[in-house]
Structures are given as structure tokens and as C-alpha cells.
Amino acid sequence: MTSPEDAFRQTGWPGLRARLFHLYFVLRRPMTLGVRGLIHDTASRSVFLIRHTYVPGWQLPGGGVEVGETMNEALARELAEEGNIALTAPPVLKSMHFNRRSSHRDHVGFYLLEHFSQTAPKLPDHEIAEAGFFPLDRLPQGTTPATLRRIAEVFDGEQPSPYW
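Laid out in C-alpha cells, this is it:
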């Protein structure tokens, strides 16, 4: 027969120890996680880009994954907020990237979406200065280097970079 102390050592302490280590690493070295979506309108061969009010350049819509949220949930939320875009099929995770320009612990999941709906064009607000679909051969001036790399990886067969 197993004593309560032995049972705790066998089941309780490892679980508690794992939770304490997890808490330590969250507090000591928190990792941030974000998502970006390449919304591709296959009929017009165009992609959806946004321009924020607080950073320069045209980029893919997306943002941070909140506590308790999956990456797919975060992507759906960000697309709705930044583009009035709703997913009509599951997004395809194309690659993961380390965003060393943001922090030493920031990672971005990059998705391709070809099945979506847009309820109305996105109008400017406090976060989004401009948004719209652009033909692949006529991307707006000021499209960020990271956005251009992701587009080349998808449409030109470029090898995905591990860095955003």
C-alpha cells in the first residue's frame, strides 16, 4: 500500500514542480506570440494590406495572441478588427518566425487565407489609417520588407526565413 506521502511524491510534487518552473519561466522570460494573415483574393490575384496609424509602412493584418486565446482565434479577431474580414474556412499555417526586431522572445505565426468574406471595406479608425486589396504586381509603395518576404515565400516559392 502506498502512503499519502509517497503518493504525493509520485504525482503531486512533479506536477507542482512543473507548474512552478512554468511560472518562473513566464515571469523571468515571457515569450510573446503573434499572428499575421496573408489574405489572397484568388479571383483578382490581390492581397489585403493595412497601414497602421502608429507605425510606418503597409503590412499584413494581424496582432498579438491574448491570454486564453488560440492562434486561430487571435487571427480571426485581428482580421475582423483590422479589415472587416471573416474566415469562411480554416486558415493555413504557412510558417513560424522569430521577430527579433520586436523582442528577444517574440514569434509570429504566418497564415495564408484564400477563403474569407469581407462585410464592408475597412474605414480608417484610431488604429488603421488605410486598408485595401492590392494586385500582386502593384503593391503600394512603402510595403514593409517583412511583408514583401512573406508574399515572395508564398507566390514566388522563396524559402521561408526563420526571421520575421
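Each residue of the sequence shown is one higher than the one before, starting from 1 at the first, in the UniProt record's numbering. From the three backbone atoms N, C-alpha and C, an ideal C-beta is built for every residue, glycine too. Computed from a predicted model, the values in this text were never measured in an experiment.
Within 10 Å of its beta-carbon, does residue i have 16 or more other beta-carbons around it, so buried, or fewer, so exposed?
i	result
Tyr163	exposed
Glu66	exposed
His115	exposed
Gly62	buried
Thr147	buried
Pro4	Confidence is the limiting factor: at Pro4 the pLDDT is only 47, short of 50, which leaves the residue's position unreliable, though a coordinate-based value still follows. Its Cβ having fewer than 16 others within 10 Å, Pro4 is exposed.
residue 165	The structure shown does not extend to residue 165, since the chain is modelled only from 1 to 164, so the question has no answer here.
Within the same chain, show all residues whose beta-carbon is closer than 8 Å to that of residue i, passing over the 5 residues directly before and after it, in chain order.
i	result
Arg9	Bear in mind that the predicted position of Arg9 carries a pLDDT of just 49, short of 50, making it too unreliable to give a figure here.
Leu93	Met71, Gly109, Phe110, Tyr111
Find out if the Cβ-Cβ distance for the pair residue i, residue j is shorter than 8 Å.
i	j	result
Val108	Arg36	yes
Ile151	Leu38	yes
Val47	Phe134	yes
Ile85	Gln118	yes
Leu113	Leu87	yes
Ala129	Glu82	no
Pro140	Leu49	yes
Leu136	Arg77	no
Nearest to residue i by alpha carbon, out of the options?
i	options	result
His126	His97, Gly64, Ser95, Arg51	Arg51
Pro56	Thr143, Ser161, Asp156, Leu148	Thr143
Leu33	Ala146, Ile128, Gln141, Gly68	Gly68
Met96	Pro90, Ala89, Arg105, Thr88	Arg105
Thr53	Arg138, Asp41, Pro124	Pro124
Ser161	Ser102, Ala43, Phe98	Phe98
Would you kindly report the start and end of the unbroken beta strand (DSSP E) that includes residue i?
i	result
Leu49	46-52
Ala86	85-87
Gln159	No beta strand (DSSP E) contains Gln159, which DSSP labels as neither H nor E.
Glu130	128-135
residue 224	Absent from the model: residue 224. The displayed extent of the chain is 1 to 164, so no value can be given.
Thr119	Looking at the DSSP string, Thr119 is not in any beta strand (DSSP E), and its letter there is neither H nor E.
Val65	From DSSP, Val65 is part of no beta strand (DSSP E); its letter is neither H nor E.
The alpha helix (DSSP H) that contains residue i, what's its start and end?
i	result
Thr147	145-155
CB-CB under 7 Å to residue i, same chain, minus the five flanking residues each way: which ones, in chain order?
i	result
Arg100	Tyr163
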